[in-house]
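Enquirer:
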Amino acid sequence: MGSISVTDDLARIDLDVVHRWLSTDAYWALGRSRETVEAAARGSLSFGALEQSDDGDELVGYARVVTDRATFAWLCDVYVAPSARGRGVGSALVRAVLEALEPMGLSRVMLATHDAHALYRRHGFGEPAHPEWLMALRSTATTTAGAASAV
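Residues in the sequence shown are numbered from 1244 upward in steps of one, following my numbering.
1) Taking only three categories from DSSP, how would you classify G1389?
2) Within this structure, are the beta carbons of L1344 and V1308 separated by less than 8 Å?
3) What whole-angstrom Cβ distance do L1318 and A1284 have, given they're in contact under 8 Å?
4) Under a Cβ-count criterion, where at least 16 other Cβ atoms within 10 Å of its own Cβ denotes burial, should L1380 be classed as buried or exposed?
5) From the DSSP output, read off the bridge partner residues of I1247.
6) If we ignore side chains and look at the alpha-carbon of each, how far apart do A1391 and S1382 end up?
7) Grouping DSSP H, G and I as helix and E and B as strand, with all else coil, what is T1310?
8) Taking W1401 as part of the beta strand (DSSP E), name the residues at either end of that continuous run.
9) Checking 8 Å against the spacing of the C-beta atoms, do I1291 and V1249 come in under that value?
10) Determine, using beta carbons only, whether L1293 and L1302 come nearer to each other than 8 Å.
11) According to the Cβ coordinates, are V1323 and G1304 closer than 8 Å?
12) Can you tell me the Cα-Cα spacing of P1371 and Y1270, whole angstroms?
13) Between the C-alpha atoms of S1350 and A1335, what's the straight-line distance to the nearest angstrom?
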């Protein structure tokens, strides 16, 4: 196992790999098109976890943040390659995201998860103070499972 670093340089993040992960293995993005993955990455802050080895860097994780860079951010599309799970890659991604967001002074950073509550709790996330205030537009027009309906 090589060392893990996290980059926010989209040119270093292989979007073909990200597309394969999200569209075939991520419950919230099954069937998402390559074009949608790229458009989302380009319109967001993207983070790639890279494992260094003698053969070069291999992408082993990805996270994306949608933000106005002033008041709000939504952490989404967090994915760790099956071969890298349990090695701290998810924590490295969340740490890098929070470090990048810190200077923005955001009043709210949110996310939705079905199965990674423990990971996010370790980084300060918890249930919203007023979950009854949260709503989601449920669109049947989207082809990406989980976009509005997962919230």
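Just so you know, even glycine gets a beta-carbon here, dropped at the ideal spot from N, CA and C.
Expert: In short, the structure shows the following:
1) Sequence index remark: in the sequence shown, residue 1389 carries index 146 (1-based). The predicted model places G1389 with a pLDDT of 48, which falls under 50 and marks its position as unreliable, so this point remains unresolved.
2) Taking the sequence shown and counting its residues from 1, one reaches residue 1344 at position 101. Taking the sequence shown and counting its residues from 1, one reaches residue 1308 at position 65. Closer than 8 Å, so yes.
3) Here residue 1318 is taken as the residue at index 75 of the sequence shown, counted from 1. Here residue 1284 is taken as the residue at index 41 of the sequence shown, counted from 1. So it is not a contact: roughly 14 Å between Cβ atoms.
4) Here residue 1380 refers to the residue found at position 137 of the sequence shown. Exposed: under 16 other Cβ atoms inside 10 Å.
5) Residue numbering aside, residue 1247 sits at position 4 when the sequence shown is read from its first letter. Bridge partners of I1247: E1294.
6) As a working note, residue 1391 is residue 148 in the sequence shown. As a working note, residue 1382 is residue 139 in the sequence shown. Reliability of the predicted coordinates at A1391 is poor, the pLDDT of 43 falling under 50, and the value obtained from them is presented with this limitation in mind. The C-alpha of S1382 is placed about 6 Å away from the C-alpha of A1391.
7) Counting from 1 along the sequence shown, the entry for residue 1310 is found at position 67. The three-state reading of DSSP puts T1310 in strand, counting E and B together.
8) The question about residue 1401 has no answer here: the residues shown for the chain are numbered 1244 through 1394.
9) Within the sequence shown, the letter at position 48 stands for residue 1291. Within the sequence shown, the letter at position 6 stands for residue 1249. This sequence places Gly at residue 1291; Ile is not what is there. The answer is yes: Cβ separation under 8 Å.
10) The residue you call residue 1293 lines up with position 50 of the sequence shown. The residue you call residue 1302 lines up with position 59 of the sequence shown. With contacts defined by Cβ atoms closer than 8 Å, L1293 and L1302 form a contacting pair.
11) By one-based count along the sequence shown, residue 1323 stands at place 80. By one-based count along the sequence shown, residue 1304 stands at place 61. Their beta carbons are under 8 Å apart, which means V1323 touches G1304 by this criterion.
12) Indexing the sequence shown from 1 puts residue 1371 at position 128. Indexing the sequence shown from 1 puts residue 1270 at position 27. So the two alpha carbons sit approximately 23 Å from each other.
13) Along the sequence shown, read from residue 1 onward, the residue named residue 1350 stands at position 107. Along the sequence shown, read from residue 1 onward, the residue named residue 1335 stands at position 92. So the alpha carbons of these two residues sit roughly 22 Å apart.
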